[in-house]
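If you count the sequence shown from 1, position 200 lands on 1621 in the working numbering, and the numbers rise without skipping. Where a beta carbon is used, it is the ideal one built from N, C-alpha and C, also for glycine.
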Amino acid sequence: MKEVNPKETTRAYAFEMWMDAPMPMVTFFKTLDVTRLTRLSRRSGLKFNMLMCWCIGRAASSIKEFHMLPVGRKLIQYDNIAVNTIVANREGEVSSCDVPFSDNLQQFNADYLRLTKQVAENCRNHDLTDSMVIGTSALAQYEIDGAVGMYSGVFNNPFLIWGKYKRRLWKRTLTVSFQFHHTQMDGAHAARFLENLQKEIRELYKTFTDEQ
1422 MKEVNPKETT RAYAFEMWMD APMPMVTFFK TLDVTRLTRL SRRSGLKFNM
1472 LMCWCIGRAA SSIKEFHMLP VGRKLIQYDN IAVNTIVANR EGEVSSCDVP
1522 FSDNLQQFNA DYLRLTKQVA ENCRNHDLTD SMVIGTSALA QYEIDGAVGM
1572 YSGVFNNPFL IWGKYKRRLW KRTLTVSFQF HHTQMDGAHA ARFLENLQKE
1622 IRELYKTFTD EQ
């Protein structure tokens, strides 16, 4: 990670326009078809939430705006991406866990299981300060139509929230909200990320079944 001069990046105008805005966050909603992901989870024994996090990392990694983030009054460029998940710990509370993204699903799954177990047991957050972290919060037990994240003015990281996926005959759908800082990316980048996410969900099932 390193500080970059905003004027020397494609985010120069956005940095000037949005860094001092009282509410610089934008939220998009998208309903995803997760039918294949639920099938893959049942067939492989892999956790649905882990698969969602991996697809999020895959979808983001090819978009260069996800490798930059406004931190304080600086624009920071990152080499690595991580996906955060919220973990129920042994004290009955929640802790935060950053999982380094790996293009290798087996490696990501191993890190996800190891780190979430560690966080659940020791009740301490696992933070990766050298990675651009994409936040997630899965309210998997509850049916919600959408959620808008809170802007604290401290963390500018992109953030996704979803609830329980909906069943309709053979189809499974999941509505996600995606909140992002306008300095980091524009609406077109965010929309492309969500399209990429749907694509990764579909292709992961095909890739996994072809390998069996």
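**OP:** Between the Cα of ILE1477 and those of MET1438, MET1444, TRP1591, VAL1597, spot the shortest distance and give me the residue it belongs to.
**Re:** As a first step, residue 1477 must be located in the sequence shown, where it is residue number 56. Answer by Cα proximity: VAL1597.
Subject >> Exposure of ALA1573, with buried meaning 16 or more beta-carbon neighbours within 10 Å >> reply: Locating residue 1573 in the sequence shown gives position 152, counting from the first residue. For the record, residue 1573 in the displayed sequence is Ser; it is not Ala. Classification for SER1573: exposed.
Subject >> Three-state secondary structure (DSSP) of GLN1600 >> reply: The residue you call residue 1600 lines up with position 179 of the sequence shown. Strand at GLN1600.
**OP:** Taking LEU1560 as the reference, give the member of TYR1586, GLU1624, CYS1518 with the closest Cα.
**Re:** As a position in the sequence shown, residue 1560 is number 139, starting the count at 1. When only C-alpha atoms are compared, the closest one is TYR1586.
**OP:** Measure the alpha-carbon distance for SER1482 versus HIS1488 and round it to whole angstroms.
**Re:** On the sequence shown, residue 1482 is found 61 positions in, with the first residue counted as 1. On the sequence shown, residue 1488 is found 67 positions in, with the first residue counted as 1. Rounded to the nearest angstrom, the two C-alpha atoms are 8 Å apart.
**OP:** Would you give the residue range spanned by the beta strand (DSSP E) that ASP1532 belongs to?
**Re:** Here residue 1532 corresponds to residue number 111 of the sequence shown, with the count starting at 1. Counting along the chain, ASP1532 falls outside any beta strand (DSSP E), though it belongs to the alpha helix (DSSP H) covering 1526-1543.
**OP:** For the segment 1429-1481, list the beta strand (DSSP E) runs that are entirely contained and at least 3 residues long, ordered along the chain.
**Re:** 1446-1454
Original post:
CB LEU1461 to CB PHE1629, shorter than 8 Å?
Top reply: Position 40 of the sequence shown, counted from the start, is the residue given in the question as residue 1461. Position 208 of the sequence shown, counted from the start, is the residue given in the question as residue 1629. In contact: LEU1461 and PHE1629 (Cβ atoms closer than 8 Å).
Original post:
Counting pairs of beta carbons, one from the segment 1562-1576 and one from the segment 1531-1543, are three or more of them closer than 8 Å?
Top reply: no
Subject >> For ASN1546, the three-state DSSP class (helix, strand or coil) >> reply: On the sequence shown, position 125 is the one that residue 1546 refers to. ASN1546: coil per DSSP, three-state reduction.
**OP:** Tell me, please, whether the segment 1448-1457 touches the segment 1577-1595 by the rule of three or more beta-carbon pairs shorter than 8 Å.
**Re:** yes
Original post:
According to DSSP, is ARG1494 helix, strand or coil?
Top reply: Locating residue 1494 in the sequence shown gives position 73, counting from the first residue. If DSSP states are grouped into helix, strand and coil, ARG1494 belongs with coil.
Subject >> Terminal residues of the beta strand (DSSP E) in which LEU1581 lies >> reply: Counting from one through the sequence shown, the residue named residue 1581 turns up at place 160. Its beta strand (DSSP E) spans residues 1580-1583.
Subject >> Close-in-space but distant-in-sequence residues of the same chain around GLN1619 (CB under 6 Å, 5 per side omitted) >> reply: Numbered from 1 along the sequence shown, position 198 holds the residue referred to as residue 1619. LEU1453.
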